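Student: Counted from 1, the sequence shown has number 19 at position 19 by the UniProt record's numbering; the numbering is strictly sequential. My questions all concern the structure below.
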Amino acid sequence: MSDILIATVDEAGRGPVIGPLVICGVAFPKDKLDELSKAGVKDSKKLSPRRRGQLVGWIRGAPETVEITELTAQTVDRLRRNGVNMNRIETIEFATIPKKLVASAVYTDSVGPNSEKFADTLRSFLYTDIDLTVECKADENYLQVSAASILAKVKRDERVRELEEKHGEIGSGYPSDERTVRFLEKWVEDHAELPSFVRRSWRTANGLE
Numbered sequence: 001m002s003d004i005l006i007a008t009v010d011e012a013g014r015g016p017v018i019g020p021l022v023i024c025g026v027a028f029p030k031d032k033l034d035e036l037s038k039a040g041v042k043d044s045k046k047l048s049p050r051r052r053g054q055l056v057g058w059i060r061g062a063p064e065t066v067e068i069t070e071l072t073a074q075t076v077d078r079l080r081r082n083g084v085n086m087n088r089i090e091t092i093e094f095a096t097i098p099k100k101l102v103a104s105a106v107y108t109d110s111v112g113p114n115s116e117k118f119a120d121t122l123r124s125f126l127y128t129d130i131d132l133t134v135e136c137k138a139d140e141n142y143l144q145v146s147a148a149s150i151l152a153k154v155k156r157d158e159r160v161r162e163l164e165e166k167h168g169e170i171g172s173g174y175p176s177d178e179r180t181v182r183f184l185e186k187w188v189e190d191h192a193e194l195p196s197f198v199r200r201s202w203r204t205a206n207g208l209e
């Protein structure tokens, strides 16, 4: 097994009513980790969209491997209808990506506030004794996880832009965004149903159709 640290996993798009849930894992050689700080990598939430975009090319060139999974709104809805909550959905995907990456250690953000419980659950999915570090706010504490968060955030932003180019302004996609709510209301008024890229299982969408 190669001596690689995996920033696996971070996500973008857990809360929005519009668009996919994006989960990203990256596998870095240890000797590349110091370069993350020099390049200006930090938690994606602390970077402007422009700066995140500038870093994407560098990050993609630095790791041994990048794995990105996108779960569409329809997939999220189907899983939730089958009784799988968001924590479980993310846990399954957080465990799937490391299996695709050859590594000696895994660093990941916690799904939910109880990082020890999540770590135990993740180990049960991984079926391996791999060195696992799980922390709340790992994307702030470990630059390799920050790199994964940047890739996930940029990929989700790309998907939202694609929707806006096709359908007009949709806002951030979050239920708290008035632009998003107005878009959904207008869509239902015009089409009598919600579009396929909306998570119908979200409370925001429940009363619109």
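For every residue, glycine included, the Cβ atom is placed at its ideal position computed from N, Cα and C. Quick caveat: nothing in here was measured; it's all calculated off a predicted structure.
Straight-line CA distance for Gly53 to Ile18?
Tutor: Stepping through the sequence shown from its first residue, residue 53 is reached at position 53. Stepping through the sequence shown from its first residue, residue 18 is reached at position 18. Inter-residue distance for Gly53 and Ile18 is about 21 angstroms (C-alpha atoms, whole angstroms).
Student: Suppose the cutoff is 8 angstroms on Cβ atoms and the five residues either side in sequence are ignored; what does the same chain contact list for Lys99 look like?
Tutor: As a first step, residue 99 must be located in the sequence shown, where it is residue number 99. The beta carbon of Lys99 is closer than 8 angstroms to those of Leu126 in its chain, skipping five residues each way along the sequence.
Student: Using three-state DSSP, classify Glu11 as helix, strand or coil.
Tutor: Against the sequence shown, residue 11 aligns to sequence position 11. Reduced to three states, the DSSP call for Glu11 is strand.
Student: I need the boundaries of the beta strand (DSSP E) containing Val68, first residue and last residue.
Tutor: Translated into the one-based positions of the sequence shown, residue 68 becomes position 68. The question names Val, but residue 68 is Ile in the sequence shown. Per DSSP, Ile68 belongs to the beta strand (DSSP E) from Thr65 to Leu71.
Student: Give a yes or no on whether the C-beta atoms belonging to Val41 and Ala148 are separated by under 8 angstroms.
Tutor: Taking the first residue of the sequence shown as position 1, residue 41 is located at position 41. Taking the first residue of the sequence shown as position 1, residue 148 is located at position 148. Cβ distance not < 8 angstroms, so Val41 and Ala148 don't count as in contact.
Student: Name the DSSP beta bridge partners of Leu132, please?
Tutor: Here residue 132 refers to the residue found at position 132 when the sequence shown is read from its first residue. DSSP, once it has assigned bridges, lists Val106 as partnering Leu132.
Student: Assess contact between the region 56–73 and the region 149–156, defined as three or more Cβ pairs (one per stretch) separated by less than 8 angstroms. Is contact present?
Tutor: yes
Student: Tell me the rounded alpha-carbon separation between Pro29 and Leu184.
Tutor: Residue 29 sits at position 29 when you count from the first residue of the sequence shown. Residue 184 sits at position 184 when you count from the first residue of the sequence shown. Approximately 44 angstroms, taken between the alpha carbons.
Student: Within the same chain, show all residues whose beta-carbon is closer than 7 angstroms to that of Glu140, passing over the 5 residues directly before and after it, in chain order.
Tutor: Along the sequence shown, one-based indexing puts residue 140 at 140. Result list for Glu140: Asp43, in chain order.
Student: Quick one: Cα of Ile170 to Cα of Leu194, how far?
Tutor: What you label residue 170 is simply residue 170 of the sequence shown in a count that begins at 1. What you label residue 194 is simply residue 194 of the sequence shown in a count that begins at 1. Cα to Cα, the separation comes out at about 13 angstroms.
Student: Based on Cα-Cα distance, which residue from Ala105, Leu208 and Thr72 lies nearest to Pro175?
Tutor: Stepping through the sequence shown from its first residue, residue 175 is reached at position 175. For Pro175, the closest C-alpha among the options Ala105, Leu208 and Thr72 is that of Leu208.
Student: Would Arg199 and Ala12 qualify as a contact pair, given that the criterion is a beta-carbon distance under 8 angstroms?
Tutor: Walking along the sequence shown from the start, residue 199 turns up at place 199. Walking along the sequence shown from the start, residue 12 turns up at place 12. For Arg199 and Ala12, no; Cβs fall outside 8 angstroms.
Student: Report the rounded CA-to-CA distance for Val22 versus Thr128, giving the unit in angstroms.
Tutor: Numbered from 1 along the sequence shown, position 22 holds the residue referred to as residue 22. Numbered from 1 along the sequence shown, position 128 holds the residue referred to as residue 128. Roughly 25 angstroms between the two C-alpha positions.
Student: What's the gap between the Cα of Ala205 and the Cα of Cys24?
Tutor: Within the sequence shown, numbered from 1, the residue matching residue 205 stands at position 205. Within the sequence shown, numbered from 1, the residue matching residue 24 stands at position 24. C-alpha separation (whole angstroms): 27 angstroms.
Student: Please list the terminal residues of the continuous beta strand (DSSP E) segment that includes Ile23.
Tutor: Indexing the sequence shown from 1 puts residue 23 at position 23. Per DSSP, Ile23 belongs to the beta strand (DSSP E) from Leu21 to Pro29.
Student: For Leu163, collect the residues of the same chain with a Cβ closer than 8 angstroms to its Cβ; drop the 5 residues on either side in sequence, then sort them by chain order.
Tutor: If you number the sequence shown from 1, residue 163 lands on position 163. So the list reads Ile18, Gly19, Ile170 and Phe197, once near-sequence residues are dropped.
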